[in-house]
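Keeping their order, the protein sequence lines are chains A and H. In this text, residue positions in the first sequence follow the working numbering: the first is 1, and each later residue adds one. In this text, residue positions in the second sequence follow the working numbering: the first is 278, and each later residue adds one. All residues carry an ideal CB built from backbone N, CA and C; glycine is no exception. A quick note: this is a predicted structure, and the numbers were derived from the prediction, not measured. A quick write-up on the structure given underneath.
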Amino acid sequence: MWEEKRLLPLLAEAFTIQETKTLDELVDKIVSAPVPCICILENIHHLYLRTVNGFDSVERLMLFMQKTRGSVFWIVSCALFGWQYLDKVMSISTFFQKDIMLGTQSREQMSSIILKRHRMSGYRIKYEIPSEVTKTRKFKRLHDDRDRQAFMETLVFRQLAEMSAGNIRVAMLFWLTTIKAIDSENIVVTPKIGFDHTFLYQLPEEELFTLAALIQHEILNAHDHTLVFRQDNIDSMLILNKMLSRGLVQLQPSGFYVHPFLYRPVVEVLRSKKMLQ
Amino acid sequence: MLILLLSLPMFSSSPWKVLSAGSVSDTTGTTIQETESRLNLSELPLTETLRETRPSISWRITGGKIFWSLVLFVIVGVLFKYLTILMEAIAERWTNLRLMIKRAIPVIRITGWTLVIYIIIFNIIAPPIETLFAVTASAGIAIGFASQDVLKNIFGGIMILFDRPFQVGDKILVGTYYGEVIRIGLRSVRIVTPDDSVVTIPNSEIGNQSVSNANNGEFYCQVVAEFFLPPDIDLIQLKKISRRAAAVSQYVYLNKPIVIIMKNEIYEGRSLLKVRLKAYVFDLRYEFLFGSEMTETVISELLNRGMITAEDMALVSRSA
C-alpha cells in the first residue's frame, strides 16, 4: 500500500467517488460536495515503507488531508512505533490537531472482558492450585474453597496483565494457553503463564534488525524486506523463513509479523539495545 | 650490617654450629680455646655464649613469605581475569549498562592490585619500618633512573582516570590512531581500530597530545558521509534524497538531527560540489556500517533517478 499509485483507488473508494484520474480531481470533487463528512482511515502505517521513496504515499495523503480539511473531518489510526518513526522522519503529528495515545487495559478491565466472554460458553472455571501456592501464608489463611478460587483468579489475571502488558488481544491468546483440561462442566485453568524469553538477547543482529523493521511496519512481505534492507530477495526469504520456523514470526497472506506472544519481550529487547528509540 | 642480617638467615639455618664443632685457628695463630680462656669464656659452653651475644633478628624474609606472596598474586590474578570476563558478559547483555560496567573494570583492577600489593608488603612480608625505608630509599634511586618512562606512563594513567578525557567504550583519535577504547591501564591505553587491530598507546604519549573523543561517554556518535558530485546536479532533490537516505538506515539515531552541508570546491581547475551528510548512529559500534549504508543509498538512488551517471562519477573521482 506504500506505492503512491495505490492511494488514489483507496481514497476514491473511501469517498465512493469513482471516475477520477488524479488526486487533485478527487480533491475538487470532495471540496465541492454540499455536505461535509467524517473520514476514518485506519492503519496508515501501511502507507509507508522505510526506503528513500517509501514516504510518497504518506506525503500525498497529508497534502490531500490539508486540501480537504474544510470539507472532511479526518480521523486516522496508526500503530504506535510506526507513528513514532513517521513523527521523527516527517513530523507527522504536526499535521493533526490532536493525537490520542490509546492506553492499555487494566487488570480489572481485562478480567471483566475475558470472564464475560467466557460466561457465554456455559462452562465453569476451576483454577488449578500448584503446590508452591499452597505453601504461601496468604493461601493458608483461606479455608473456604470459594475464597481459594477467588485468590487464584486474582493471581491468574495479574500474571495475564503482566505478560500481555495491557494488550487485550494478547491477553486473550494467553488465556487460551492457560486452559489445561475440559470436562463436562468445568474448564481447568493453570496459573502457569508465559515462558522464558531471554533467548531473544542472543539472537543474531540480522534477526534483531528484521524484528525492529517488523515492529515499525507491523507487517512486511519478503519483497518489502528486500527493499528495506537493500539486499537480495533470496537473502530476505532465508532470514524470514528461518525466523518463521523458529516461531519468532508468523505468516499471513499479506506478509510476516511478530508472534503476538513475543511482541512485548521483543520490544523490550530492542529498546535495551537502542534499536527502537 | 644490613647485608649480613639478610644473608645469614637465608643461606644457613644454624650458622653457629660451625664454630662450636671444632678448634679452628684464627689468623694470629692462637686457638679458639686460648682465646676463650683469655676472655674467661671457657666456663660457659660456646653455643650459650654466642646465643647470648648474637644480634636479635626479629624479622626476616622466609621462603614461606615468598611462597604466600606468589600464591596471593596468582589467586588474585585469576580472580580478576574471571571477574573481567563476567563483567564484560554482563555489559554485553544489558546495553544500557555497557559503558558504565566497562568503565568500572579498569578502576576495579587498579584498586584491587594496589590493595594486593599493600597486603603483601604490610601483612605478609611485614618488614620493620626501618627496613622499608632503607630498601625504598636505595631501590627508589635505582628504579627512578631506570624507569622514568614507566613512571611517566603510570602518572599519565592516573591523570587519565581522574581527568577523564575519555573512558572505556569511547571512540578516540590519538595521533593517527582511531578506535574504541577497550582498556585503560596504569601504563598504557588500548584501543581497537576499525580494522580490528589492537593498538597500545603509552599514557605519556596521550598526555602530551590532543585527544579527540567522538562520543564522550554516549552510545551515539555523529557519522559523516562525504560525496563529491557534479555542480549541476538538482540540489533540492539531492538534499531530499540525502536526508531520506540517513533516516531510513537501520543504524540511524533519529533523536538527533540530520544535517546536510554543501560546499563548492575546486580541484584541478574543475568545480565540484562537496556534500557532507551528517547523522547520528544509535550505537558507535555501527559507525562505519552506517556511513557505508548512507553512501551506498545516496549514490544508488542518484544513479537510479539519472541525476548522475557513471561517467560523471568517474570524472569527479579523477578531479578529486
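Check your understanding: Are E482(H) and A522(H) closer than 8 Å when you measure CB to CB?
Key -> no
Exercise for review: With a threshold of 7 Å, establish whether the CB of Y201(A) neighbours any heavy atom of the ligand GTP.
Suggested key: Among the components modelled here there is no ligand, and therefore nothing to report on the ligand GTP.
Point to revise | Cβ pair Q266(A), L173(A) closer than 8 Å | key: Note that residue 266(A) corresponds to Val in the displayed sequence, not to Gln. No; because the gap between Cβ atoms is not below 8 Å, this pair is not in contact.
Review point. Cβ of L61(A) within 8 Å of Cβ of L7(A)?
Key: yes
Point to revise | E218(A) beta carbon less than 8 Å from that of G82(A) | key: yes
Exercise for review: Could you work out which residue in M584(H), V525(H), V529(H), E564(H) is closest to N53(A) when comparing CA atoms only?
Suggested key: V525(H)
Exercise for review: Name, going along the chain, the residues of the segment 528 to 551 of chain H whose beta-carbon falls closer than 8 Å to a beta-carbon of chain A.
Suggested key: Y530, L531, N532
Review point. Between L550(H) and P508(H), which are expected to be in contact by the criterion C-beta below 8 Å, what is the C-beta distance as a whole number of angstroms?
Key: 5 Å
Check your understanding: So, is Q425(H) buried or exposed, given that buried needs 16 or more other C-beta atoms within 10 angstroms?
Key -> exposed
Exercise for review: Closer than 6 Å by C-beta to A298(H): which residues in its own chain qualify, once you throw out the five before and the five after it? Chain order, please.
Suggested key: Confidence in A298(H) is poor, its pLDDT being 38 and thus under 50, which makes the residue's placement unreliable; the coordinate value appears in the next sentence. Here the set comprises nothing.
Check your understanding: Can the beta-carbon of I239(A) be found less than 8 Å from the beta-carbon of E206(A)?
Key -> yes
Review point. For the segment 245 to 274 of chain A, which residues have a beta carbon sitting closer than 8 Å to at least one beta carbon of chain H?
Key: S272, K273, K274
Review point. To the nearest angstrom, how far is it from the Cα of I402(H) to the Cα of M364(H)?
Key: 32 Å
Check your understanding: In the segment 2 to 80 of chain A, which residue ranges form an unbroken alpha helix (DSSP H) of at least 4 residues, counting only runs that do not cross its ends?
Key -> 7 to 14, 23 to 31, 56 to 67
Review point. Under the three-state reduction of DSSP, which class applies to L376(H): helix, strand or coil?
Key: helix
Check your understanding: Can I179(A) and V170(A) be called in contact, C-beta distance under 8 Å?
Key -> no
Point to revise | Contact between the segment 563 to 577 of chain H and the segment 527 to 539 of chain H (3+ Cβ pairs under 8 Å) | key: yes
Check your understanding: Three-state secondary structure (DSSP) at N480(H)?
Key -> helix
Review point. Which stretch, first to last residue, makes up the alpha helix (DSSP H) that contains I125(A)?
Key: First-last for I125(A): 124 to 127, but that is the beta strand (DSSP E), not the alpha helix (DSSP H).
Check your understanding: With 8 Å set as the bound, which would you pick, yes or no: does the beta-carbon of T226(A) sit closer than that to a beta-carbon of chain H?
Key -> no
Review point. For A212(A), does the count of other Cβ atoms within 10 angstroms reach 16, so buried, or fall short, so exposed?
Key: buried
Review point. Which class does A587(H) belong to by DSSP, given the choice of helix, strand or coil?
Key: helix
Practice item. In angstroms with no decimal places, state the Cα-to-Cα distance between C78(A) and I44(A). Key: 5 Å
Point to revise | Residue from Q231(A), I40(A), F261(A) whose Cα sits closest to the Cα of M163(A) | key: F261(A)
Check your understanding: Do we get a CB-CB distance below 8 Å when we pair W390(H) with the residues of chain A?
Key -> no
**Study point:** Interface flag, T22(A) vs chain H, CB-CB below 8 Å
**Key:** no
Review point. Within 10 angstroms of its Cβ, does F410(H) collect 16 or more other Cβ (buried), or is it exposed?
Key: exposed
Check your understanding: Would you say D560(H) faces chain A, with C-beta separation under 8 Å as the test?
Key -> yes
Check your understanding: Cα separation between K540(H) and E570(H)?
Key -> 22 Å
Exercise for review: Please list the residues of the segment 114 to 130 of chain A that have a C-beta atom closer than 7 Å to any C-beta atom in chain H, keeping them in chain order.
Suggested key: none
Review point. If we call anything under 8 Å between Cβ atoms a contact, is R380(H) one with G446(H)?
Key: yes
Point to revise | Residues that A502(H) bridges to, as DSSP identifies them | key: L554(H)
Practice item. For Q250(A), write down the residues that DSSP places opposite it in a beta bridge. Key: Y257(A)
Point to revise | Buried versus exposed, by CB contacts within 10 Å (16 or more), K273(A) | key: buried
Exercise for review: Tell me, please, whether the segment 370 to 387 of chain H touches the segment 455 to 473 of chain H by the rule of three or more beta-carbon pairs shorter than 8 Å.
Suggested key: yes
Review point. What are the start and end residues of each continuous alpha helix (DSSP H) run of 4 or more residues lying completely inside the segment 408 to 460 of chain H, in chain order?
Key: 425 to 440
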